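Keeping their order, the protein sequence lines are chains A and B. First residue of the first sequence? That's 16 in this note's numbering, and the numbers climb one at a time after it. First residue of the second sequence? That's 1394 in this note's numbering, and the numbers climb one at a time after it. The C-beta atom is built at its ideal place from N, Cα and C for all residues, glycine as well. Remember, predicted model here, so these are calculated numbers, not experimental data. Accompanying notes for the structure given below.
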Amino acid sequence: MNLNLLILLPLLTAIAIMFCNGLKQVRLVALLGSGLQLLLSFWLLYSFYQERSSGNTTQMLFDANYTWFTALNINYHIGIDGIALAMIILTSMVVISAVLVSWTMESMNKEFFFLLIFLSMGAYGFFISLDLFTMFFFLEVAVIPKFLLIGIWGSGKKEYSAMKLALMLMGGSALVFVGLSGMYFNSNIDGAHSFDLVQLANYRIPVDAQMIFFPFAFVGFGIFTALFPFHTWVPDGHSSAPTAASMFLAGISMKLGGYGCLRVATYLMPDAAHAYSDIIILLSTIAIIYGAFATMMQTDLKYINAYSSISHCGFVILGIGMLTETSITGAVMQMVSHGLMTALFFAAIGMIYSRTHTRIVAQLGGLMKVMPFISGVFIIAGLCSLGLPGFSGFVAEMTVFMGAWQNTDAMYRLATILACASIVVTAVYILRAAGKAVMGPITDDHYKHLPDATWNEKLAAGILISGIVVIGIVPFWLTSLITPGAQEIILQTGQALMLK
Amino acid sequence: MMLNDFFLLMKQELVLLLIIVLLLIIKVGKDWSNETMLNLINGLLLLNVVSGFVMPVEGNLFGDMFKTNALISLEKSILNIGVLIISMQSYSWLKTHKHLSEFFILMLSTLLGMFYMISSGNLLMFYIGLELSSIPLAAMANFDLEKRKSSEAAFKFIISSAFSSGMLLFGISLIYGSTGSISFAEITNHISNEPLHIFAFVMLLAGFAFKISAAPFHLWTADVYEGAPVAVTSYLSVISKGAVLFVFVSVLYTVFKPIAEIWYNMLFILAVITILIGNLFAIRQNNFKRFLAFSSIAQVGFILVGITGSSQMGSASVVYFVLIYIFSNLGAFGVISLVSALTGKENISDYKSFYKTNPLLSWVLTIALFSLAGVPPTAGFFGKFFLLISGASQGNYILISIAALNMVISFYYYLRIVKAIFMDPNEQPIEKLSIPLISKLALFICLAGIVVLGLWSSVYECIYNLSSGF
């Protein structure tokens, strides 16, 4: 199948939205477009399995390569492996639920849905690119709409948060740019420089160049995925954003960074990845523990989820830094799991906020009695976040820990133990928030007449929950998808070890 | 044969001259209304653009004083397009102006000067072209005849440009004195890193830096941009800057090739200072024209980064970026000139809640600003990317890191305006403007340019194939 459909479909949807009139038409078109995205991504999954079962073991499937700028050897090169496919499916699920959650968007709805769909195009483009230029192009496409989404439709100190987010992410991509140009000029493929990911992976960039440019690429992408100490945009950005944008931001946008760290930094510069793994693990462990404790202190539901995202994304970085096959599989699983779970969490918070007009935990209470569905969703998201078996969070974190334990170095062991311990803290803040907000007596009389979820909210939650539960119960569906890709990356880094 | 050559090689200059003469005759003989005149002029300028693309030839005239080739002809066409757009955009402003034809006569004379400058193969020709392109500009800056600020701007411009010409002339005379020639081809053979040659080069460089307003020679820019009418400001910031940049690249890459190592370091420093100063001052501006003045200084800094690449890629990416810059900057200036002509408001704070009343103009302005900032999928992204990649080709990653981080600073001030347009509340936003058809068309051309020039790679390929590096 042609991967260009993944770019074309959101683009056409976005253009169609421009010609719509009124909320009803706009949201219908948006829903239609994102529904088709979902179908497309599952069809992609189906054809992916077909290809694989017919014995096609090429690393990248559905490969297509179009010349773009011949002078600079820039190509529009696309193709996917299992890791990219997992991210694509995650994107399509989050996008459709984001559209459903914003069903009653009042002000400037046309622009809102346009930007949302446009963002999804950036994400798909990023995940399917096999050319660093194309990848960088789509990475930046997915930044500016966020600025508008947060600044226009956000709440609280939205202008500040929007600006902070845009500048920090742009700073990240500036670092990525330096890393990319370094890789480009240090490559020599048949006498020419190249941006092509596959070619660069086979070529192996000289080690001294790797040592210089790996930090640029890794930190650059790391900013997107809340790498400590560049995580400060996360709480502000997430809490000021409108619900759909928070879902997108935490669910997909932070995954762009994780995917970039893995696919660009680690895969293309394996020697440097080994050399720097101590620092990566140190930073990620700090992020995990710091994020967990910082969450304990939060009183606003959105801030709770935002800070816990820092902690959870720390697991992704930890998995990448550990550089074993299992840990990298775990990192990707954690990306998918966290994407679904946090989107669900934000959706639930949005539903609660739109009814009670408060997100402060202390002011909520007894919601289970008035809106059982929303409360149920909230609890499921919370339980998944603290890693209850049966949900995706458990599987993903477990895989990361198992992979991490394969490293026998004392410091790595210590980092793993500390990261494991953070789960206890997670349990504390999740159970406390859930207990206070959902259980107990109704704290405010006017809560009594609040309506439960509407059909669109139920559908949105349903899609995300089904993802979480399926991964939690049959994790090997996901692992079988991811592991070959992870093996490929480990093969690179394993060679790096042997060269040492 | 000789005459035939003459007509073919100087085709673009002759067409321009013809238009100027025609305007003079009409001015003397007929008393047509402003609107008829404007339509006529726009038609003529369109013909001028089209004729530029017909039959580009390569050759020399007057003992190598005047040279042309496909790239030079393309550069002139780029400027032609810019002038056409500016003329279309200034419709609302010039509709009621008394001295309409004089404005165009002056503008086209400066354009003629730029053409000669770009085509020069000789320092003398270059200097004549440069003067022809700057003296009428001072008169244009004074074109809001009843405004004091406008004449102040003109005065500042003429003084600073006379000063920079003086420096250039000093450099030229030193070069002539030490190499014994004013022909570009001859100079290349004789120039070396003797102190006198370097001193002469520094003088020339300072002259150039004045014209492209690179820091620390940028001080005239903001005042002149602020005082001059919007059409003249946009002309100054894209056309005259673009023309000097074209010459600058070709002079550096051909004439001063033997001392490339020396000018590389100079450009490195110049680029860093220019980007930094442009960025830091742009943050503090409230007047939109002053703001764009500083942002254009920062853009020139990025172009200098690209020039340091000293390869085919360097030269190509500069021409490509200027092309994109014309469309992006004129997109922004188009909106500002409309607002300024219809309401007289020129401050960024006036644009608060602009989106509520003028959504279409807001989007155009936003997209133009995004293109200036270098956000994909606009063309500005590709332009900046290629400039920086070209700069990185020398292996100087410090320069690239500084430039890349400065792009982040520039995001801040461009986004600040986007924030004002979309997010800031305002009791009295600019009222709904009725846009003349021709201005709409001009904005549409800019927008189309911003979208198409980047994604459609043939444009860059074409420029790349015409360029040469070393």
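Looking only at B/Thr1503, B/Asn1397, B/Ala1653 and B/Ser1689, the smallest Cα-Cα distance to B/Leu1762 is reached by B/Ser1689. DSSP links A/Tyr427 through a beta bridge to no other residue. Looking at the backbone, the Cα of B/Phe1399 and that of B/Leu1464 are separated by about 18 angstroms.
A/Asp211 sits buried, since 16 or more C-beta atoms from the chains shown fall within 10 Å of its C-beta. Assignment of A/Gly171 by DSSP, reduced to helix, strand and coil, places it in the coil class. Within its own chain, the residues whose Cβ lies closer than 8 angstroms to the Cβ of A/Met183, once the five positions on either side in sequence are excluded, are Ile238, Phe245, Thr247 and Trp248, listed in chain order. The beta carbon of A/Ala181 falls within 7 angstroms of a beta carbon belonging to chain B, placing the residue at that interface. The three-state secondary structure of A/Tyr291, taken from DSSP, is coil. Taking a C-beta distance under 7 angstroms as the contact criterion, B/Val1698 and B/Thr1667 do not qualify as a contact pair. In terms of Cβ geometry, A/Ile227 and A/Tyr218 do not form a close pair [threshold 7 angstroms]. For A/Gly166, at least one C-beta of chain B is nearer than 7 angstroms to its own C-beta. Look at A/Phe192: its C-beta is under 7 angstroms from a C-beta on chain B. Chain A has a Cβ within less than 7 angstroms of the Cβ of B/Ala1785. At a Cβ-Cβ threshold of 7 angstroms, B/Ser1733 and B/Val1623 count as neighbours.
In the DSSP secondary-structure assignment, B/Leu1433 is not bridged to any residue. Between the beta-carbon of B/Tyr1744 and that of B/Ala1686 there is about 17 angstroms, and that puts the pair past the 8 angstroms contact cut. In this structure, DSSP gives B/Lys1404 a helical state, which the three-state scheme calls helix. With the criterion set as a beta carbon lying under 8 angstroms from some beta carbon of chain A, the members of the segment 1773 to 1807 of chain B are Phe1774, Phe1778, Phe1779, Leu1781, Ile1782, Ala1785, Ser1786, Gly1788, Tyr1790, Ile1793, Ser1794, Ala1797, Leu1798, Met1800, Val1801, Phe1804 and Tyr1805, in sequence order. Per the coordinates, the alpha-carbon of B/Ser1710 lies some 6 angstroms from the alpha-carbon of B/Leu1780.
When the Cα atoms are used, A/Val156 and A/Thr85 turn out to be separated by approximately 22 angstroms. Annotation: B/Pro1529 to B/Ala1546 spans about 13 angstroms, alpha carbon to alpha carbon. When DSSP reads this structure, A/Asp146 sits in a beta bridge with A/Asp211. Listed as beta-bridge partners of B/Gly1452 by DSSP are B/Thr1461.
A Cβ of chain B is located within less than 7 angstroms of the beta carbon of A/Val156. By the C-beta criterion, the segment 1748 to 1765 of chain B is judged not to be in contact with the segment 1645 to 1656 of chain B, since fewer than 3 inter-stretch pairs fall below 8 angstroms. Against chain A, the beta carbon of B/Phe1763 has neighbours under 9 angstroms at Ile159, listed in chain order. For A/Ser117, no Cβ of chain B is located within less than 7 angstroms of the residue's own Cβ. Taking the Cα of A/Arg447 as reference, the smallest distance to any Cα among A/Thr458, A/Leu316 and A/Arg428 is reached at A/Leu316. Closest in C-alpha terms to B/Arg1677, from the list B/Phe1459, B/Tyr1713 and B/Ser1803, comes B/Ser1803.
If you look at A/Thr258, you'll find it in the alpha helix (DSSP H) that goes Thr258 to Phe263. Listed along chain B is no residue with a C-beta nearer than 8 angstroms to that of A/Phe127; the closest approach is about 12 angstroms.
Scanning its chain for C-beta atoms nearer than 7 angstroms, with the 5 sequence neighbours on each side dropped, one finds around B/Asn1586 the residues Ile1652 and Ile1655, in chain order.
Rounded to whole angstroms, B/Gly1784 and B/Phe1661 show a C-alpha spacing of 10 angstroms. When the beta-carbon positions are compared, A/Tyr274 and A/Ala216 stay at least 7 angstroms from each other.
Neighbours of A/Ser196 in chain B, taken as residues at a C-beta separation under 8 angstroms, are given in chain order as Leu1781, Ile1782, Ala1785, Tyr1790 and Ile1793. Assignment of B/Gly1522 by DSSP, reduced to helix, strand and coil, places it in the helix class.
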